[in-house]
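So the sequence shown is residues 51 to 169, counted in the working numbering.
For glycine and all other residues, C-beta sits at the position ideal for the given N, C-alpha and C.
As the structure is a prediction and not an experimental result, all values here were calculated from the model.
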Amino acid sequence: MKDPDFSDNGEGAIDFSEILPDQFIVTDKEIDQELYEQFMTEQEWIDPQPDYTILVRQGKELLDSTMPISEKKIILAQLASWGTAEAYQLLRQYCARPDSALAEWSRIALYECRMRLES
51 MKDPDFSDNG
61 EGAIDFSEIL
71 PDQFIVTDKE
81 IDQELYEQFM
91 TEQEWIDPQP
101 DYTILVRQGK
111 ELLDSTMPIS
121 EKKIILAQLA
131 SWGTAEAYQL
141 LRQYCARPDS
151 ALAEWSRIAL
161 YECRMRLES
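Right, dumping it as structure tokens:
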């Protein structure tokens, strides 16, 4: 018996567009879908950092324990949106020792940056 979700479209090819979500991410660890949606919304509404040099400097300060979590959250989203090798390295460094409140957020930022870098 054929699985109706995986039946072909009559031409021998499977139409995955109906069974895969609009955004499909392959990650090492499962990501909370609700948090991912919050991240994407945050990226849409944050002011883009006009000066990349300033953003990189801020990215280097992410491990500073005196920086507020709310500020780090924005910087992580901004770095992800640039999708550069330098932004990816900064995100990777932070992901290795994140603030516990931003552990998953930083992983999402890293994956988003990697996807932009690879595209």
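Inset, instruction - Have a look at Glu154, Gln83, Gly109 and Tyr102 and flag the residue whose alpha-carbon is nearest the alpha-carbon of Lys122. - result: Gly109
Legend entry - Enclosing alpha helix (DSSP H) for Gly109 [first to last residue]: Tyr102 to Lys110
Inset, instruction - Would you decide whether Gln128 is buried or exposed? Buried here means 16 or more other CB atoms lie within 10 Å of its CB. - result: By the 10 Å Cβ count, Gln128 comes out buried.
Legend entry - Where Met117 sits in the DSSP three-state scheme: Correct three-state label for Met117: coil.
Legend entry - Candidates Ser156, Ser150 and Ser169, of which the one nearest Arg142 by Cα: Ser156
Inset, instruction - Starting from Ser156, follow the alpha helix (DSSP H) in both directions and report where the run begins and ends. - result: Ala153 to Glu168
Legend entry - Buried versus exposed, by CB contacts within 10 Å (16 or more), Leu85: Exposed, by the Cβ-count rule.
Inset, instruction - Measure the alpha-carbon distance for Ala146 versus Val106 and round it to whole angstroms. - result: 18 Å
Inset, instruction - Can you grab the Cα-Cα spacing for the pair Ile81 / Thr103, in whole Å? - result: 30 Å
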